[in-house]
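Novice:
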Amino acid sequence: MSLLRPGRRVAAVFTAAALFGSLAACGDDANTEQTGGSSDTANLTVLAASSLTDVFKSAGAAYEKEHPGTKLTFSFAGSQELAAQVRQGAPADVLVTADTQTMNGLKADIGTPTVIAKNRLVIAVGAGNPNKIAGLEDLADSKTKVVLAAPEVPVGRYSRQVLADRNITVKPVSEEPNVRAVLSKVELGEADAGMVYKTDAATAPDKTDAITIPDDQNAIASYPAATLKESQHSAAATAFVKWLSSPQAQKILRTAGFEKP
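Quick note: the sequence shown uses the numbering used here, first residue -9, plus one each step.
#1: On a CA-only basis, which of 239, 151, 251 and 135 is nearest residue 47? Give me that one, please.
#2: Roughly how many angstroms separate the alpha carbons of residue 204 and residue 44, rounded to a whole number?
#3: Taking residue 192 as the reference, give the member of 247, 153 and 103 with the closest Cα.
#4: Within 10 angstroms of the Cβ of residue 55, are there 16 or more other Cβ atoms? Answer buried if so, exposed if not.
#5: Thinking C-alpha only, which one of 77, 76, 71 and 42 is nearest residue 64?
#6: Compare the C-alpha of residue 90 against each of 180, 242, 39 and 117 and name the closest.
#7: Give me the residue from 131, 147 and 72 with the minimum Cα distance to residue 209.
#8: Within 8 Å, do at least three Cβ pairs link the segment 90 to 108 to the segment 153 to 173?
#9: Give every residue of the same chain whose Cβ lies closer than 7 Å to the Cβ of residue 67, excluding the five residues on either side of it in the sequence, and list them in chain order.
#10: For residue 70, is the classification buried or exposed, using 16 other Cβ atoms within 10 angstroms of its Cβ as the cut-off for buried?
#11: Work out the CA separation of residue 188 and residue 117 for me, nearest whole Å.
#12: Using DSSP with H/G/I as helix, E/B as strand and the rest coil, what is residue 126?
#13: Answer with buried or exposed for residue 111, where buried requires no fewer than 16 other C-beta atoms within 10 angstroms of its C-beta.
#14: Which runs of the alpha helix (DSSP H) fall wholly inside the segment 132 to 190 and span at least 4 residues, in chain order?
#15: Span of the alpha helix (DSSP H) holding residue 237?
#16: Taking the CB atoms as reference points, tell me whether residue 119 and residue 182 lie closer together than 7 Å.
#17: Residue 201 to residue 136, Cα distance in whole Å?
#18: Can you pull the DSSP bridge partners for residue 248?
#19: Thinking residue 92 and residue 80 are a contact (beta carbons under 8 Å), I'd like their distance in whole angstroms, please.
#20: For residue 88, which residues in the same chain have their Cβ closer than 7 Å to its Cβ, ignoring the five residues on either side in sequence?
#21: Assuming residue 219 and residue 101 form a contact by the criterion Cβ under 8 Å, report the distance between their Cβ atoms to the nearest whole angstrom.
#22: By the three-class DSSP mapping on this structure, what secondary structure does residue 232 have?
#23: Leaving out the 5 sequence neighbours to the left and right, which residues in its chain are closer than 8 Å to residue 130 when beta-carbon positions are compared?
#24: May I have the straight-line CA-CA distance separating residue 36 from residue 207, to the nearest angstrom?
#25: Closest by CA to residue 236, which one among 53, 78 and 34?
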């Protein structure tokens, strides 16, 4: 049986204590990563307007590649639906709407918004434009089945603003909860025309045509992005919102047809 001398015994105790402390620190770091407390790793939930569905999937893939510790989960819906989710306390980290009005109504729940892109309206019609719709005035024809988004939906509000400015009365055959639902009605032939964003019409080039609305008759949609104050990953959420204004993100948005902020 070997015995440690007094000096060596003390050294051994200190060595063991140091080792234990080091392991405990590692355990704390691992736990931090698992709970998402570190800004270097997080699972972010992003609530985004329906018109961002395609472009955000591309942007999300690019962001995750650039930030391997972050996983993005998108939830797409009409901006008014997203706002309702935020007010009800749905767990999320970032919100991107298709208008500033909806975002401004959530000041108590969000950080400072940043406009990341803009968009404008077109008239979506069936491929080949079988009804020969040339402009907004043609939507007033009672024989033309027109579908619009509901008034509380940003694109629905923009559409009605554009029509009202031209004193054009349209009686839609249906009012949809988001812009993609409007486009779907036209794609399926359930409507002759619908007012959508130009970026949405561009996602269905084989099934629809887009009739341009002149700039002096059109409305410009702004897309603000903001972090949610209840986010459990505030640093990572802030980083993503900031990235949406970066040259890389802006290039992805421009390629999809969105305009500069």
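Yeah, the Cβ is synthetic: ideal placement off N, Cα and C, and Gly gets one too. The model shown is predicted, which means the values in this text are computed figures rather than measured ones.
Specialist: Checking against the coordinates, here is how it stands:
#1: 239
#2: 25 Å
#3: 247
#4: exposed
#5: 42
#6: 39
#7: 147
#8: no
#9: 40 and 168
#10: buried
#11: 15 Å
#12: helix
#13: buried
#14: 144 to 155 and 169 to 177
#15: 237 to 245
#16: no
#17: 14 Å
#18: Partner(s): none; residue 248 has no beta bridge.
#19: Contact flag wrong, Cβ pair sits at about 15 Å.
#20: 39, 41, 69, 144, 145, 211 and 213
#21: 7 Å
#22: helix
#23: 158, 159 and 160
#24: 33 Å
#25: 53
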